[in-house]
Amino acid sequence: MDMSQYLGIFIDEAKEHVQAMNEGLLALEQDPENEHTIEAIFRAAHTLKGMSATMGFETIAELTHAMENVLDKIRHHEIKVTPETMDTLFKCLDSLEAFLTAITTDETNLPEVEHLIAELQAHLEGNRPVRSEVAAASEPALEADVPAEPVVEPEVNLIPLTERELEEMREEISKGLNPLQIKVSLDANCVLKSARAYLVIRNLEERGQIIKVIPSLNDLEEENFDRSFEVVFLSYLNLNEVRSIIEHISEIEKVEIVPYPVPMHAAQQKQPSEQAVSQQQPKQTQQQSKNGQAAKEQANNGVQKNKVRQTVRVDIEKLDSLMNLVAELVINRSRLAQIGIEIKSAVFNETIGQLAQITTDLQSLVMKARMVPIDQVFSRFPRMVRDLSRELGKEINLVIDGADTELDRSVVDEIGDPLIHLLRNAVDHGIEPPEVRERQGKPRVGRIHLSARHEGNQVVVEVSDDGAGINYEKIKRKAIQRGIISEEDAASLTNEEIAKLLFKSGFSTADKVTDVSGRGVGLDVVASKIQALNGTVDLESVPGQGSTFSIKLPLTLAIIQALLVKLGRSEVYALPLENIEEIINVSPKDLKMVQDQQYILYRGQVIPAVDLSVLFEVPDCCRQETEKRTMVVAKTAGRRIGLMVDDLIGQQEIVIKSLDQLLKGVEGFAGAAILGDGTVTLILDVLEIALIQRRLARKSQAEKELVAISE
Numbered sequence: 108m109d110m111s112q113y114l115g116i117f118i119d120e121a122k123e124h125v126q127a128m129n130e131g132l133l134a135l136e137q138d139p140e141n142e143h144t145i146e147a148i149f150r151a152a153h154t155l156k157g158m159s160a161t162m163g164f165e166t167i168a169e170l171t172h173a174m175e176n177v178l179d180k181i182r183h184h185e186i187k188v189t190p191e192t193m194d195t196l197f198k199c200l201d202s203l204e205a206f207l208t209a210i211t212t213d214e215t216n217l218p219e220v221e222h223l224i225a226e227l228q229a230h231l232e233g234n235r236p237v238r239s240e241v242a243a244a245s246e247p248a249l250e251a252d253v254p255a256e257p258v259v260e261p262e263v264n265l266i267p268l269t270e271r272e273l274e275e276m277r278e279e280i281s282k283g284l285n286p287l288q289i290k291v292s293l294d295a296n297c298v299l300k301s302a303r304a305y306l307v308i309r310n311l312e313e314r315g316q317i318i319k320v321i322p323s324l325n326d327l328e329e330e331n332f333d334r335s336f337e338v339v340f341l342s343y344l345n346l347n348e349v350r351s352i353i354e355h356i357s358e359i360e361k362v363e364i365v366p367y368p369v370p371m372h373a374a375q376q377k378q379p380s381e382q383a384v385s386q387q388q389p390k391q392t393q394q395q396s397k398n399g400q401a402a403k404e405q406a407n408n409g410v411q412k413n414k415v416r417q418t419v420r421v422d423i424e425k426l427d428s429l430m431n432l433v434a435e436l437v438i439n440r441s442r443l444a445q446i447g448i449e450i451k452s453a454v455f456n457e458t459i460g461q462l463a464q465i466t467t468d469l470q471s472l473v474m475k476a477r478m479v480p481i482d483q484v485f486s487r488f489p490r491m492v493r494d495l496s497r498e499l500g501k502e503i504n505l506v507i508d509g510a511d512t513e514l515d516r517s518v519v520d521e522i523g524d525p526l527i528h529l530l531r532n533a534v535d536h537g538i539e540p541p542e543v544r545e546r547q548g549k550p551r552v553g554r555i556h557l558s559a560r561h562e563g564n565q566v567v568v569e570v571s572d573d574g575a576g577i578n579y580e581k582i583k584r585k586a587i588q589r590g591i592i593s594e595e596d597a598a599s600l601t602n603e604e605i606a607k608l609l610f611k612s613g614f615s616t617a618d619k620v621t622d623v624s625g626r627g628v629g630l631d632v633v634a635s636k637i638q639a640l641n642g643t644v645d646l647e648s649v650p651g652q653g654s655t656f657s658i659k660l661p662l663t664l665a666i667i668q669a670l671l672v673k674l675g676r677s678e679v680y681a682l683p684l685e686n687i688e689e690i691i692n693v694s695p696k697d698l699k700m701v702q703d704q705q706y707i708l709y710r711g712q713v714i715p716a717v718d719l720s721v722l723f724e725v726p727d728c729c730r731q732e733t734e735k736r737t738m739v740v741a742k743t744a745g746r747r748i749g750l751m752v753d754d755l756i757g758q759q760e761i762v763i764k765s766l767d768q769l770l771k772g773v774e775g776f777a778g779a780a781i782l783g784d785g786t787v788t789l790i791l792d793v794l795e796i797a798l799i800q801r802r803l804a805r806k807s808q809a810e811k812e813l814v815a816i817s818e
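Number 513 in the numbering used here belongs to position 406 of the sequence shown; there are no gaps in the numbering.
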């Protein structure tokens with residue numbers, strides 16, 4: 108059997124088991140006596156060992172076997188859970204992760220594990236037993252007093268054999284081999300069913316002769332079976348030895364073995380099917396008379412009760428392709444709706460309405476299929492915070508909420524690095540050393556809170572800590588030293604504006620560079636990554652009480668709701684609806700000019716106003732200077748800006764298409780979309796427009812100053 112076809116499933120399953128062990132070890136460190144936690148870690152290691160051996164990754168199997176030995180001693184209270192033991196187990200998990208990464212990327216330089224196996228062996232030999240000598244001495248006596256339970260042979264239906272197969276068995280039995288019938292049942296949640304069956308068959312073939320397999324080997328390989336399969340087997344091994352060989356394989360739920368009765372002469376053999384029926388019929392009749400109506404109720408209701416949810420693993424590239432096809436369907440739905448308006452056919456419009464509903468449902472299902480829990484990212488961080496806090500000599504408790512919040516797979520894949528930066532900053536800069544916290548009247552153990560929640564069509568991820576907060580004066584001094592702002596500008600900055608300086612490239616307030624942070628490559632990376640995901644990041648901080656970073660992200664990056672606006676007489680642009688705060692009408696007298704830049708007073712706040720027709724130099728723009736204008740108040744990255752347009756067309760669902768290489772250098776646009784009438788429109792990037800407006804204002808002011816100097 109070719110096992111390479113299972114490599115992808117193995118890697119996914121192995122990563123899940125490694126993560127489960129990571130989480131389990133973190134929990135065990137907090138509560139070393141929790142037997143359920145120890146058992147869960149042991150099971151994960153045992154399963155990973157079996158999977159690795161099945162796939163031929165012997166190094167992983169050896170390492171997990173050594174881990175399993177230590178965990179087995181821990182769960183039987185034969186060695187203690189010490190910080191040194193935990194450190195070694197965590198290093199083993201790091202090595203396993205490196206191995207899986209190497210397998211995924213076809214790397215040839217695999218990590219060495221001999222030193223880790225030696226460390227694990229040292230823990231086995233060097234730790235003292237936890238059990239008292241009295242308890243250990245009393246165990247044999249207790250065992251001697253307990254009578255052995257009688258062995259009850261399982262009831263199985265004998266597999267019918269042909270006369271040729273029986274003759275073959277008689278010949279082997281005469282040589283001293285034992286005839287056995289084996290029924291193997293796999294775990295209900297077993298994913299690699301055919302691989303498990305293959306391993307059982309292979310192990311049996313190495314130790315004896317297989318006469319018959321039900322279902323066939325071909326069906327086992329194609330996974331055309333439920334959870335169990337049966338084997339007629341000949342071997343010099345006895346029943347218990349065979350059972351031990353099979354039970355050593357992971358994800359085996361039950362093994363039933365009985366001697367297979369083979370008459371030594373053909374005349375003594377009934378037809379196998381008749382024999383099986385005659386053996387079972389009295390038992391079945393008796394059972395039916397006992398159960399009566401209960402059996403009928405179980406037949407009616409039992410299937411529903413025991414129904415197990417079935418899942419299928421799908422390559423993410425296939426989901427991406429499906430999403431692209433749905434996006435094309437959305438575009439054509441809009442085009443057909445536009446055609447329906449033009450031809451004015453009731454039958455056509457009714458059909459289009461039904462198609463639109465089906466398309467919407469299909470789109471919703473595909474988007475849900477792409478959604479994954481953000482826990483895929485969050486689950487990495489407890490271990491990271493634990494290691495960093497130990498390295499820095501701090502005591503920190505990481506609290507996670509909303510890990511089941513779902514987000515598009517493409518967004519989840521990209522959000523990991525920004526969150527790592529924020530958490531490392533919280534550990535290094537935010538949380539104070541335990542002695543400092545105690546002097547300030549705070550709990551010795553610092554607290555970092557990582558949470559996620561849905562808000563409309565967005566997901567909000569927050570990283571907060573109860574540490575020192577931001578020293579605004581220190582930030583201002585650093586910014587002045589670096590020439591980012593002048594002393595005059597610094598005097599008028601609000602705390603919110605000062606906090607935004609932290610997102611400048613290369614800016615850091617750290618007094619010294621460490622391996623954890625302080626290199627000035629953190630928060631600017633966070634901001635750029637989040638903006639690339641069409642999201643925003645905000646910072647709130649109270650000196651002495653802590654800081655909170657809030658990240659807002661769209662649920663998906665492919666299909667968005669947009670407001671279509673018109674500039675001039677014919678040019679149409681799209682504004683993402685998530686950026687729009689309000690639409691208002693403004694008259695020329697509402698606009699104020701300050702240093703050649705328009706501003707408007709909006710709800711007590713002065714915000715810049717940009718005429719998009721002027722900014723994009725729309726040629727057929729003509730209007731009366733006294734007439735009212737439509738202004739879209741947009742918000743992005745904590746900034747508000749008023750965007751003046753000539754007309755509103757309406758809201759529409761659009762599919763974001765990336766810009767061609769020739770247009771990627773053009774500022775102010777996030778992408779393009781095809782509208783219902785087939786025309787292509789550009790999607791406005793509100794953040795870039797705000798930056799363009801600010802840059803133009805500074806340029807105008809600089810030009811005026813140069814003119815004044817020259818005069």
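Where is the CB? At the ideal position from N, CA and C, for every residue including glycine.
DSSP state of residue i mapped onto helix, strand, coil
i      : result
Leu577 : The sequence given here places Ile at residue 577; Leu does not occur at that position. Three-state result, Ile577: coil.
Ser486 : coil
Pro661 : strand
Ser635 : helix
Val384 : At Val384, the pLDDT of 36 sits below 50, so the modelled position is not reliable; the number obtained from the coordinates is stated separately. If DSSP states are grouped into helix, strand and coil, Val384 belongs with the helices.
Arg235 : Reliability of the predicted coordinates at Arg235 is poor, the pLDDT of 43 falling under 50, and the value obtained from them is presented with this limitation in mind. Arg235: coil per DSSP, three-state reduction.
Lys397 : Residue placement at Lys397 is poorly supported in this model, since its pLDDT is 40, which falls under 50; the coordinates still yield a value, given next. Looking at Lys397 - three-state DSSP - the assignment turns out to be helix.
Pro366 : strand
Ile790 : strand
Val567 : strand
Arg802 : helix
Val177 : helix
Ser765 : coil
Glu795 : helix
Leu755 : strand
Ser342 : strand
Lys403 : Only weak support is given to the placement of Lys403: the predicted model assigns it a pLDDT of 38, under 50, and the value that follows is read from those uncertain coordinates. If DSSP states are grouped into helix, strand and coil, Lys403 belongs with the helices.
Asp572 : strand
Residues that DSSP places opposite residue i in a beta bridge
i      : result
Lys361 : Ser292
Ile321 : Glu337
Asn532 : Its beta-bridge partners do not exist; DSSP assigns none.
Arg872 : In the structure as shown, the chain begins at 108 and stops at 818. Residue 872 is therefore absent and cannot be evaluated.
Glu678 : Leu674
Gly653 : Val649
Ala741 : Ile687, Ile748
Glu760 : Gln668
Val693 : Arg736
Thr643 : Lys659
Closer than 9 Å to chain B by CB, residue i
i      : result
Ala597 : As a matter of chain content, chain B is missing from the structure shown, which is built from one protein chain.
Residue range of the beta strand (DSSP E) that includes residue i
i      : result
Gly553 : 553-562
Pro715 : 712-718
Phe776 : 776-781
Lys699 : 698-701
Ile707 : 704-709
N-terminal and C-terminal residue of the alpha helix (DSSP H) that residue i is part of
i      : result
Gly131 : 114-137
Pro53  : This structure does not reach residue 53, given that the chain is present from 108 up to 818, and the question cannot be answered.
Ile145 : 142-162
Ser599 : 594-599
Cys199 : 190-211
Ile308 : 300-314
Which listed residue (the options) has its alpha carbon closest to that of residue i
i      : options                        : result
Glu272 : Leu299, Lys319, Arg493         : Lys319
Gly778 : Gly785, Gly283, Ile761         : Ile761
Ile481 : Val717, Ala147, Val519, His536 : Val519
Glu688 : Arg747, Lys659, Lys696, Met193 : Arg747
Leu327 : Ser558, Ser342, Leu344, Arg309 : Arg309
Gly523 : Ile538, Val570, Leu462         : Val570
Leu755 : Thr743, Val739, Asp767, Ile763 : Val739
Leu529 : Asp631, Arg584, Val479         : Asp631
### Entirely enclosed alpha helix (DSSP H) segments - the stretch 438-512, minimum 4 residues
453-477, 482-485, 488-499
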